[in-house]
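*Asks:*
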Amino acid sequence: MESQKSEFRKYCKISLEKLSKAQNKIFLDSKLQRNLLIILSQEIQHLRKKTKRPLKILLYYPLAIEFNGKKVLKTLRKQKNIEIFLPFMGDISFKIVKFRLPLHREKFGVLQPSNSYRKINLIDIAIIPVIGIDNQFKRIGFGKGMYDRFFNTQKKIPRILFICRGIFYSSLNITQYHDIKGNSLITPFVALCPKDKYDNMDVCKLRIIRTCCWRRKLPLFTKTFSG
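Numbering (full-length UniProt numbering), first residue to last: 1 to 227.
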């Protein structure tokens, strides 16, 4: 399983590196941003019905091959009763700190706020970059396991929105029990969520929750990997 996961990760990285250098990268990010804001708005409205306290949303500052969500961050900062948090990287995991300027570049090359001793016990929504998912709708990341370790320490798992410039899907089960499972995967042309299981098989169906008029181009950005 681990060798299949490593091979799939390598495949995803190469594909996303090509997309990050594509001439239409800005176009892809603008479409993804629009889809993300629409679905995020729906998630926020749903949570507002349950609580009046400020909602806590975990975002991230992107690497080159990741979706650039800085405009989403700026949009959310303007909204009332929303607190934005970013990861503060450690050696094997991270903690979350409230977004505030200035940002500093840490050892992995990621921009992050200054450290804070405020302990955050609850996150409502987490927006997490992925390079792919498997048939359990679980995250394939860069292999450092930081997100997995962080969420394994949380008493309550938030709504998890995966985002990626393309759909890189393994039809195999190549993840472990501790890997993060998402509530949706948002891409430039379509957003997916896990629907249910195929009969008694441990395989998730995929259900489209949003698409757009550009869906005819979807196959150009969709790769299915079967090992």
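Think of the CB as a built atom: it goes at the ideal place given N, C-alpha and C, for glycine as much as any other residue.
It should be emphasised that the depicted structure is a prediction, and the values quoted were computed from it without experimental measurement.
Excluding five sequence neighbours on each side, which residues of the same chain lie with their C-beta closer than 6 Å to the C-beta of C12?
*Replies:* The answer, listed in chain order, is I131, G132, F168.
*Asks:* Note down the Cα distance separating F8 from S170, rounded to an integer number of angstroms.
*Replies:* Rounded to the nearest angstrom, the two C-alpha atoms are 7 Å apart.
*Asks:* Here's a check: name, in chain order, each residue in its chain whose Cβ is nearer than 6 Å to the Cβ of R159, leaving out the five neighbours to either side.
*Replies:* Excluding residues within five positions, the ones whose Cβ falls inside 6 Å are E43, I125, N183.
*Asks:* Go through the stretch 127-201 residue by residue and report every complete run of the alpha helix (DSSP H) that reaches 4 residues or more, in order.
*Replies:* Qualifying alpha helix (DSSP H) stretches, in chain order: 146-152.
*Asks:* Secondary structure at K56, three-state DSSP: helix, strand or coil?
*Replies:* Strand at K56.
*Asks:* Give a yes or no on whether the C-beta atoms belonging to L32 and R165 are separated by under 8 Å.
*Replies:* For L32 and R165, yes; Cβs fall inside 8 Å.
*Asks:* With burial defined as no fewer than 16 other Cβ atoms inside 10 Å of the residue's Cβ, what is the status of Q176: buried or exposed?
*Replies:* So Q176 counts as exposed.
*Asks:* What does the alpha-carbon distance come out to for the pair I14 and I120?
*Replies:* In a straight line, the C-alpha of I14 is about 35 Å away from that of I120.
*Asks:* Could you give the distance in angstroms between the alpha-carbon of E83 and the alpha-carbon of K98?
*Replies:* In a straight line, the C-alpha of E83 is about 7 Å away from that of K98.
*Asks:* On the three-state DSSP scale, how would you describe P219?
*Replies:* Caution applies to P219, whose pLDDT of 39 falls short of 50 and renders its modelled position unreliable; the value that the coordinates give is listed next. It is helical.
*Asks:* Count the other C-beta atoms from every protein chain shown that fall within 10 angstroms of the C-beta of K5, then say buried if there are 16 or more, exposed otherwise.
*Replies:* K5 is buried by the Cβ-count criterion.
*Asks:* Assuming E185 and F150 are in contact, meaning their beta carbons sit under 8 Å apart, how far apart are those beta carbons, in whole angstroms?
*Replies:* Here the sequence assigns Leu to residue 185, which means Glu is not the residue at that position. That belief does not hold up - the Cβ atoms of L185 and F150 are roughly 20 Å apart, past 8 Å.
*Asks:* Is DSSP giving V65 helix, strand or coil here?
*Replies:* Residue identity differs from the one stated: residue 65 is Ile in this sequence, not Val. Here I65 sits in coil by DSSP.
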